[in-house]
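*Asks:* Protein sequences appear in the order of chains Z and B.
The first sequence begins at 11 in the numbering used here and counts up one residue at a time.
The second sequence begins at 11 in the numbering used here and counts up one residue at a time.
Using N, Cα and C, we set each Cβ at its ideal position, and we do this for glycine too.
2 protein chains.
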Amino acid sequence: MSATDELVANNARYSEGFEGPLPLPPAKKVAVVACMDARLNVYGALGLQEGEAHVIRNAGGVVSEDVIRSLTISQRLLGTEEIVLIHHTDCGMLTFTDDEFKLSIQQDTGVKPTWAAEAFADPQEDVRQSIARIRNSPFVPKKDSVRGFVFDVATGRIDEVV
Amino acid sequence: MSATDELVANNARYSEGFEGPLPLPPAKKVAVVACMDARLNVYGALGLQEGEAHVIRNAGGVVSEDVIRSLTISQRLLGTEEIVLIHHTDCGMLTFTDDEFKLSIQQDTGVKPTWAAEAFADPQEDVRQSIARIRNSPFVPKKDSVRGFVFDVATGRIDEVV
Numbered sequence: 011m012s013a014t015d016e017l018v019a020n021n022a023r024y025s026e027g028f029e030g031p032l033p034l035p036p037a038k039k040v041a042v043v044a045c046m047d048a049r050l051n052v053y054g055a056l057g058l059q060e061g062e063a064h065v066i067r068n069a070g071g072v073v074s075e076d077v078i079r080s081l082t083i084s085q086r087l088l089g090t091e092e093i094v095l096i097h098h099t100d101c102g103m104l105t106f107t108d109d110e111f112k113l114s115i116q117q118d119t120g121v122k123p124t125w126a127a128e129a130f131a132d133p134q135e136d137v138r139q140s141i142a143r144i145r146n147s148p149f150v151p152k153k154d155s156v157r158g159f160v161f162d163v164a165t166g167r168i169d170e171v172v
Numbered sequence: 011m012s013a014t015d016e017l018v019a020n021n022a023r024y025s026e027g028f029e030g031p032l033p034l035p036p037a038k039k040v041a042v043v044a045c046m047d048a049r050l051n052v053y054g055a056l057g058l059q060e061g062e063a064h065v066i067r068n069a070g071g072v073v074s075e076d077v078i079r080s081l082t083i084s085q086r087l088l089g090t091e092e093i094v095l096i097h098h099t100d101c102g103m104l105t106f107t108d109d110e111f112k113l114s115i116q117q118d119t120g121v122k123p124t125w126a127a128e129a130f131a132d133p134q135e136d137v138r139q140s141i142a143r144i145r146n147s148p149f150v151p152k153k154d155s156v157r158g159f160v161f162d163v164a165t166g167r168i169d170e171v172v
């Protein structure tokens with residue numbers, strides 16, 4: 011049985027107790043942008059329930075163009091007003107540099123990615139960079155509450171970056 | 011109290027029962043790519059526990075360049091081997107077209123985004139498109155298990171797209 015098959019079997023149990031549908035717009039009017047890291051369960055760590063918040067995640071939790079796209083849709087079409095950014099300790103993005111990663115891909119495949127890998131050296135500093143990218147975007151209209159945090163994978167706590 | 015403050019307060023309770031740190035590589039060697047929709051609790055719906063899978067999410071769950079970046083890092087640096095794609099019924103991406111959305115942004119801000127909004131008309135068809143984009147990428151090495159599903163927001167069930 012593959013891992014994917016296990017997840018499908020888990021879903022059958024989940025759906026037995028499921029009550030839907032909930033409304034499309036997020037009830038708490040929040041969009042969370044977080045790293046894809048397996049140890050960061052955004053629903054558990056923030057006490058989020060189904061229907062409450064958009065959850066946007068990628069490698070690093072960096073504010074890429076795709077995150078700006080998602081936040082633009084979240085705010086302009088679905089009414090969210092607050093943004094919560096979450097990076098974390100012991101992140102995989104701290105373990106390499108863009109140059110060495112892209113060179114390794116080029117050596118393996120013959121093709122060098124046109125995209126930045128977005129490695130970073132300091133989660134707090136990259137949270138500040140992510141906030142700066144949102145503040146600099148003309149497409150995201152609501153910027154009164156853009157707050158960034160670092161999740162500690164040892165303690166489960168989020169600490170705000172100031 | 012803002013919604014963000016509520017989530018911070020919820021985190022204090024979560025961390026009281028938290029035991030970490032878990033290892034960095036995902037235990038189930040799975041990366042999930044899902045829509046940001048608030049009603050799709052990926053941890054609940056797939057029975058995922060902390061430490062088991064990367065979770066990548068954006069507006070639509072579409073395979074953007076940023077998702078390829080995240081999957082490349084997930085597989086090449088952190089050992090994942092299976093990919094699970096999840097779109098869903100009643101998706102916000104079904105409610106507009108790229109042209110009209112980008113025109114509305116241009117009219118509001120004076121600037122037209124350089125990015126595609128990635129609206130789509132049929133979740134099943136867009137799951138197939140997402141699988142095709144992964145299969146077409148030279149950067150994602152492991153393609154033996156790339157499976158796509160549509161989550162039903164009324165029943166909580168995922169149905170595989172074939």
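Looking at the structure shown, is residue 127 of chain Z part of a helix, part of a strand, or coil, going by DSSP?
*Replies:* For the purposes of this step, residue 127 of chain Z is taken as residue 117 along the first sequence, with counting starting at 1. Of the three classes helix, strand and coil, the one that applies to residue 127 of chain Z here is coil, per DSSP.
*Asks:* Along chain Z, in chain order, which residues have C-beta atoms closer than 7 Å to that of residue 153 of chain B?
*Replies:* As a position in the second sequence, residue 153 of chain B is number 143, starting the count at 1. Correct list: empty, because the minimum Cβ distance to chain Z is about 13 Å.
*Asks:* Check the Cβ-Cβ distances between residue 167 of chain Z and every residue of chain B, and say whether any is below 8 Å.
*Replies:* Position 157 of the first sequence holds residue 167 of chain Z. It does: the Cβ of residue 167 of chain Z has a partner Cβ on chain B nearer than 8 Å.
*Asks:* Would DSSP call residue 169 of chain B helix, strand or coil?
*Replies:* Here residue 169 of chain B is taken as the residue at index 159 of the second sequence, counted from 1. In this structure, residue 169 of chain B counts as strand in the three-state DSSP scheme.
*Asks:* With a threshold of 8 Å between beta carbons, is residue 62 of chain B in contact with chain Z?
*Replies:* Working through the second sequence from its first residue, we reach residue 62 of chain B at position 52. Judged by the 8 Å Cβ criterion, residue 62 of chain B is in contact with chain Z.
*Asks:* How big is the Cα-Cα spacing for residue 78 of chain Z and residue 150 of chain Z?
*Replies:* Here residue 78 of chain Z corresponds to residue number 68 of the first sequence, with the count starting at 1. Here residue 150 of chain Z corresponds to residue number 140 of the first sequence, with the count starting at 1. When rounded, the distance between both Cα atoms is 7 Å.
*Asks:* At what residue ranges does the segment 38-99 of chain Z contain a whole run of the alpha helix (DSSP H), taking only runs of 4 or more?
*Replies:* Segments of the alpha helix (DSSP H) lying fully in the segment 38-99 of chain Z: 52-56, 75-88.
*Asks:* What are the boundary residues of the alpha helix (DSSP H) that includes residue 160 of chain B?
*Replies:* Taking the second sequence and counting its residues from 1, the one referred to as residue 160 of chain B is at position 150. It is not in any alpha helix (DSSP H) - residue 160 of chain B instead sits in the beta strand (DSSP E) that spans 155-161.
*Asks:* Under three-state DSSP, which class holds residue 103 of chain Z?
*Replies:* To locate residue 103 of chain Z, count along the first sequence from 1; it is residue 93. Three-state result, residue 103 of chain Z: helix.
*Asks:* Go ahead and pull the three-state DSSP assignment for residue 26 of chain Z.
*Replies:* By one-based count along the first sequence, residue 26 of chain Z stands at place 16. Three-state result, residue 26 of chain Z: helix.
*Asks:* Could you tell me the boundaries of the alpha helix (DSSP H) in which residue 108 of chain Z lies?
*Replies:* Here residue 108 of chain Z refers to the residue found at position 98 of the first sequence. Taken as a continuous stretch (DSSP letters only), the alpha helix (DSSP H) holding residue 108 of chain Z covers 108-119.
*Asks:* How many Å lie between residue 101 of chain Z and residue 167 of chain B at the Cα?
*Replies:* Stepping through the first sequence from its first residue, residue 101 of chain Z is reached at position 91. Stepping through the second sequence from its first residue, residue 167 of chain B is reached at position 157. Their backbone Cα atoms lie some 32 Å apart in a straight line.
*Asks:* Determine the burial state of residue 122 of chain Z: buried for a count of at least 16 other Cβ atoms within 10 Å of its Cβ, exposed for fewer.
*Replies:* On the first sequence, residue 122 of chain Z is found 112 positions in, with the first residue counted as 1. Looking at its Cβ environment, which holds fewer than 16 other Cβ atoms inside 10 Å, residue 122 of chain Z is exposed.
*Asks:* Of all the residues that make up the segment 109-123 of chain B, which are near chain Z by a beta-carbon distance shorter than 7 Å?
*Replies:* Result list: 115, 119, 121, 123.
*Asks:* If contact means a Cβ-Cβ distance below 9 Å, which residues of the segment 17-39 of chain Z contact chain B?
*Replies:* Listed in sequence order: 17, 18, 19, 20, 21, 22, 23, 24, 25, 26, 27, 28, 29, 30, 31, 32, 33, 34, 35, 36, 37, 38, 39.
*Asks:* Return no unless some Cβ of chain B is closer than 8 Å to the Cβ of residue 84 of chain Z.
*Replies:* Here residue 84 of chain Z corresponds to residue number 74 of the first sequence, with the count starting at 1. Answer yes: the Cβ-Cβ gap between residue 84 of chain Z and chain B drops below 8 Å somewhere.
*Asks:* Considering only their Cβ atoms, is the gap separating residue 108 of chain Z from residue 127 of chain Z smaller than 8 Å?
*Replies:* As a working note, residue 127 of chain Z is residue 117 in the first sequence. As a working note, residue 108 of chain Z is residue 98 in the first sequence. The answer is yes: Cβ separation under 8 Å.
*Asks:* Between the Cα of residue 51 of chain B and those of Z:47, Z:44, Z:63, spot the shortest distance and give me the residue it belongs to.
*Replies:* Here the question's residue 51 of chain B lines up with position 41 in the second sequence. Ranking the options by Cα distance to residue 51 of chain B, first place goes to Z:63.
*Asks:* What does residue 54 of chain B touch in chain Z if you count any residue whose Cβ is under 8 Å from its own?
*Replies:* If you number the second sequence from 1, residue 54 of chain B lands on position 44. What residue 54 of chain B touches in chain Z: 24, 53, 60.
*Asks:* Can you confirm whether residue 49 of chain B, when its beta carbon is compared against all beta carbons of chain Z, has any partner nearer than 8 Å?
*Replies:* Translated into positions along the second sequence, residue 49 of chain B becomes position 39. Interface residue, yes.
*Asks:* Check each candidate in Z:45, Z:111, Z:86 and name the one with the smallest Cα separation from residue 152 of chain Z.
*Replies:* In the first sequence, the residue the question calls residue 152 of chain Z occupies position 142. Selected option, being the one with the closest Cα: Z:86.
*Asks:* If I measure Cβ to Cβ from residue 224 of chain Z and keep anything under 8 Å in the same chain, skipping five residues before and after, which residues do I get?
*Replies:* Any answer about residue 224 of chain Z is impossible in this case: the structure gives chain Z only from 11 up to 172.
*Asks:* For a test of the three-state rule: what should DSSP assign to residue 17 of chain Z, helix, strand or coil?
*Replies:* Locating residue 17 of chain Z in the first sequence gives position 7, where the first residue counts as 1. Helix.
*Asks:* Considering only the beta carbon of each residue, do residue 164 of chain B and residue 105 of chain B sit closer than 8 Å?
*Replies:* As a working note, residue 164 of chain B is residue 154 in the second sequence. As a working note, residue 105 of chain B is residue 95 in the second sequence. No, the pair does not count as a contact, with Cβ atoms beyond the cut-off.
*Asks:* Quick one: what's got a C-beta closer than 7 Å to residue 82 of chain Z's C-beta in the same chain, skipping five residues either side?
*Replies:* Taking the first residue of the first sequence as position 1, residue 82 of chain Z is located at position 72. Excluding sequence neighbours, residue 82 of chain Z sits near 149, 150.
*Asks:* Tell me, to the nearest whole angstrom, how far the beta carbon of residue 169 of chain B is from that of residue 160 of chain B; I am working on the premise that it is less than 8 Å.
*Replies:* Taking the second sequence and counting its residues from 1, the one referred to as residue 169 of chain B is at position 159. Taking the second sequence and counting its residues from 1, the one referred to as residue 160 of chain B is at position 150. Their Cβ separation, rounded to whole angstroms, is 5 Å, which keeps residue 169 of chain B and residue 160 of chain B in contact under 8 Å.
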